[in-house]
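To keep things clear, I will list the structure first and then write my remarks on it.
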Amino acid sequence: MGRRLTFDIFRYNPSVPGSTPRIQTFQLEETPGMNLFVALTRLREEQDPSLKFDFVCRMALCGSCGMLINGRPRLACKTFTRDLPAQINLFPLPVFKLLGDLSVDTGTWFRNLALKTGAWLHTSRAFEHDAREERMDNETALRIYEAERCIECGCCLAACAKVHLQKEFIGAAGINRLVRFMLDPRDERGVAQYFEVLGSENGIYGCMGLMGCEDNCPKDLPLQLQLAYIRRRLAATGVSRSQTRQGKG
Ligand code: SF4
Ligand code: SF4
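Going by my numbering, the first residue of the sequence shown is number 217, and it counts up by one from there.
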């Protein structure tokens, strides 16, 4: 027989007048291979149909099911109850707008980030539908692919103290997004243009470097590497500019 699990779950629906935040306790028998998607679905089907949470793909690809699981930002579909104690506390991810219970709106945050950072290829070349594909060297393609693996779940942002303190800070997810375009030889923006977004307290200078982001990224993105890449690129630009001013380069 499986363990008897106790779930303390944050309940609050801001769109319902009179709703107040509270913790609701549920009990559930653990079954083999149970993840939190299965557990929450059973709680909703068997105990309380009003429980709100988000899932789409159930395989750590859609980024919908980020939540605080015993205090840490995690994907619920990727978290197995066997790896947790019998007491499980579930809260919505902070930072994002609460829709209800464990459901938050990450979409608006990431859309604003995309607009703020210009997260698309900036090129003066006209689109030619019958043009041949152009080769990219494997190393660059792999580094872009690595940055593209971000599923916009928001776990790194929920784990970042700076995002909590400073709403406009673009966080590791934003910096990773910009690295993706800086690496892309088709993007015609120069470092000066990237610097407009990155070169402030809301960009790379806002980062305190304690790596809560990388420690909590469920896709194991090398966020530390991306932050270091940006710092190196900006520092190198600073050096070459000052050398140019002094007539050395
Ligand atoms: S290193 Fe720290 S401050 Fe910088 S983005 Fe990651 S969690 Fe935030
Ligand atoms: S960098 Fe990782 S934790 Fe952050 S949004 Fe992307 S996948 Fe999620």
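We put the CB at the ideal spot given by N, CA and C, even for glycine.
Assuming residue i contacts residue j under a Cβ cut-off of 8 Å, what Cβ separation, rounded to an integer in Å, is found between them?
i, j, result
"Leu450", "Leu414", "7 Å"
"Lys435", "Ile386", "With a Cβ gap of about 18 Å, Lys435 and Ile386 do not count as contacting."
"Arg393", "Leu329", "7 Å"
"Thr241", "Phe223", "7 Å"
"Asn345", "Arg405", "For clarity, residue 345 is His in the given sequence; the question names Asn instead. No, His345 and Arg405 are not in contact; Cβ-Cβ is about 24 Å, not under 8 Å."
"Cys372", "Ala389", "6 Å"
Which residues in the same chain as residue i place their Cβ atom closer than 6 Å to its Cβ, once the five residues preceding and following it in sequence are excluded?
i, result
"Phe397", "Asp403"
"Gly316", "Asn229, Lys268"
"Pro310", "Ala374"
"Phe326", "Glu368"
"Thr322", "Phe312, Gly370"
"Phe253", "Phe271, Arg274, Ala292, Cys293"
So, for residue i: in the same chain, excluding its five sequence neighbours on each side, which residues have a beta-carbon less than 8 Å away from its beta-carbon?
i, result
"Ala375", "Arg288, Pro289, Gly428, Cys429, Asp431, Asn432"
"Arg461", "Summary for Arg461: the model assigns pLDDT 44, below 50, so the residue's position carries little reliability; its value from the coordinates is reported in the next sentence. Counting only Cβ-Cβ distances below 8 Å, and skipping sequence neighbours, we find nothing."
"Lys464", "With a pLDDT of only 31 at Lys464, under the threshold of 50, the placement of this residue in the model should not be trusted, and no figure is reported."
"Phe411", "Leu450, Thr453"
"Tyr161", "Only positions 217 to 465 of the chain appear in this structure, which leaves residue 161 out of reach."
"Ala276", "Leu291, Cys293, Lys294, Ile367, Pro434, Lys435"
"Pro308", "Phe226, Met283, Leu284, Leu314, Asp317, Leu318, Ser319, Val320"
Name the DSSP beta bridge partners of residue i, please?
i, result
"Lys313", "Asp321"
"Gln303", "Thr222"
"Gln240", "Ile225"
"Leu291", "Gly282"
"Phe296", "Asn251"
"Glu404", "Bridge partners of Glu404: none, in fact."
"Glu350", "Looking at the DSSP assignment, Glu350 forms no beta bridge with any residue, so it has no partner."
"Glu245", "Arg220"
For the alpha helix (DSSP H) that residue i lies in, which residues bound it at each end?
i, result
"Gln409", "407-414"
"Gly387", "387-399"
"Ile367", "That residue, Ile367, is in no alpha helix (DSSP H); it is neither H nor E in DSSP."
"Leu284", "Leu284 -> not in any alpha helix (DSSP H); beta strand (DSSP E) instead, spanning 282-285."
"Asp431", "428-432"
"Leu252", "252-262"
"Leu337", "From DSSP, Leu337 is part of no alpha helix (DSSP H); its letter is neither H nor E."
"Val379", "377-381"
Please determine, among the options, the residue with the shortest C-alpha to C-alpha distance to residue i.
i, options, result
"Asp299", "Thr247, Met275, Gly334", "Thr247"
"Leu306", "Arg274, Ser319, Phe343", "Ser319"
"Ile304", "Asp353, Leu256, Leu314", "Leu256"
"Glu384", "Pro237, Gly419, Ala408, Pro401", "Gly419"
"Arg341", "Ala388, Gln382, Pro401, Ala389", "Pro401"
"Met250", "Asp264, Phe296, Thr236, Gln243", "Phe296"
"Leu381", "Tyr361, Asn354, Ile446, Met424", "Met424"
"Val379", "Phe343, Glu350, Gln409, Glu417", "Glu417"
"Val407", "Glu355, Leu439, Tyr445", "Tyr445"
With a CB to CB cut of under 7 Å and the five nearest residues on each side skipped, what residues in its chain are close to residue i?
i, result
"Arg365", "Lys435, Leu437"
"Ser280", "Asp270, Phe271, Val272"
"Leu442", "Per the sequence shown, the amino acid found at residue 442 is Gln instead of Leu. Correct list, in chain order: Ala363, Ile391, Asn392, Val395."
"Glu245", "Gly218, Arg220"
"Arg359", "Leu399"
"Arg258", "Leu244"
"Asn286", "Leu300, Ile304, Asn305"
Could you check whether the Cβ of residue i sits closer than 7 Å to any Cβ belonging to chain B?
i, result
"Glu262", "No chain B is part of this structure, which consists of one protein chain only."
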